[in-house]
Every structure is written in C-alpha cells, then in structure tokens.
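Notes follow once the structure below has been shown.
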Amino acid sequence: MGDFTLHLDGQASDFLPDSGRWQWRYWGEGHFTPMQARWNVKGSGEWRDNAITLSSLSTGFDKLEYGTMRVSTPRLTLEQPIRWLRDAEHPRLTGALSLDAAKTTFSGGSYLPASR
Numbered sequence: 011m012g013d014f015t016l017h018l019d020g021q022a023s024d025f026l027p028d029s030g031r032w033q034w035r036y037w038g039e040g041h042f043t044p045m046q047a048r049w050n051v052k053g054s055g056e057w058r059d060n061a062i063t064l065s066s067l068s069t070g071f072d073k074l075e076y077g078t079m080r081v082s083t084p085r086l087t088l089e090q091p092i093r094w095l096r097d098a099e100h101p102r103l104t105g106a107l108s109l110d111a112a113k114t115t116f117s118g119g120s121y122l123p124a125s126r
C-alpha cells in the first residue's frame, strides 16, 4: 500500500491488553501508492480496559488519484470519536469521519466543486 513513518508516544497505567489504561498520541507521513498520494497524519487516543478510542485524527493528502478521477487536497477528520469495544459477545465499532476536499475532476471534463 506504500511506505510510511509513524511515531507513537504515550503513557500507560497498569496496562495489559484489555486491562488498564494506555493514552497515546501519534503522527507520521507516507505514501499511499494505490491512489498516487503523499499523506500525513496526527491524532490521539487511548486503550482503556476493552475499549480503544481514537479521540482525534487529522489526515491530509496532497491528492487522491485513481483512474479518471483526481481529488485535490483531501483531508480526513473525525466528526465523532472512533470507539472499538472489544467484547467477545457484543463487539461494537462507532464513530464518524468526514472527508473534505478541494475540486474533484474527471477526465471527461466533469467535476465536483470543493466540499469546504
């Protein structure tokens, strides 16, 4: 999918997987080869007992290009935190993401206006 560098910095308190608390922040950059894009990311979250929460996320791309489509300067952000409840009987994944972008063009001359 591409090369990347990801940094992770955090603090744990009596942590083992599914027990205790680990708070972290992350940042990095890389290439998303299938879409011919460079990207960067930063955010924060925590793993508390059996719940993993991504509380902040900002991911920017220089472009997303696939086939006849090109999306200019898209950015993926959280609308609601992503929460993964790791429960053997009732697992749950909740949250909401938003993708904002400048103009999206297609090779036939059509386009979508900027979402911002």
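For what it's worth, our numbering labels the leading residue of the sequence shown as 11, then goes sequentially.
Backbone N, C-alpha and C define an ideal beta-carbon position, used for all residues, glycine too.
When C-beta atoms of the stretch 95-106 are compared with those of the stretch 72-80, fewer than three pairs fall below 8 Å, so the two segments do not count as touching. In the three-state reduction of the DSSP assignment, Thr83 falls in the coil class. With a beta-carbon spacing of about 18 Å, Ser68 and Arg93 fall beyond the 8 Å limit used to define contacts. Shown here, Pro91 sits in a strand according to DSSP, grouped into three states.
Asn50 is bridged by DSSP to Glu39 and Gly70.
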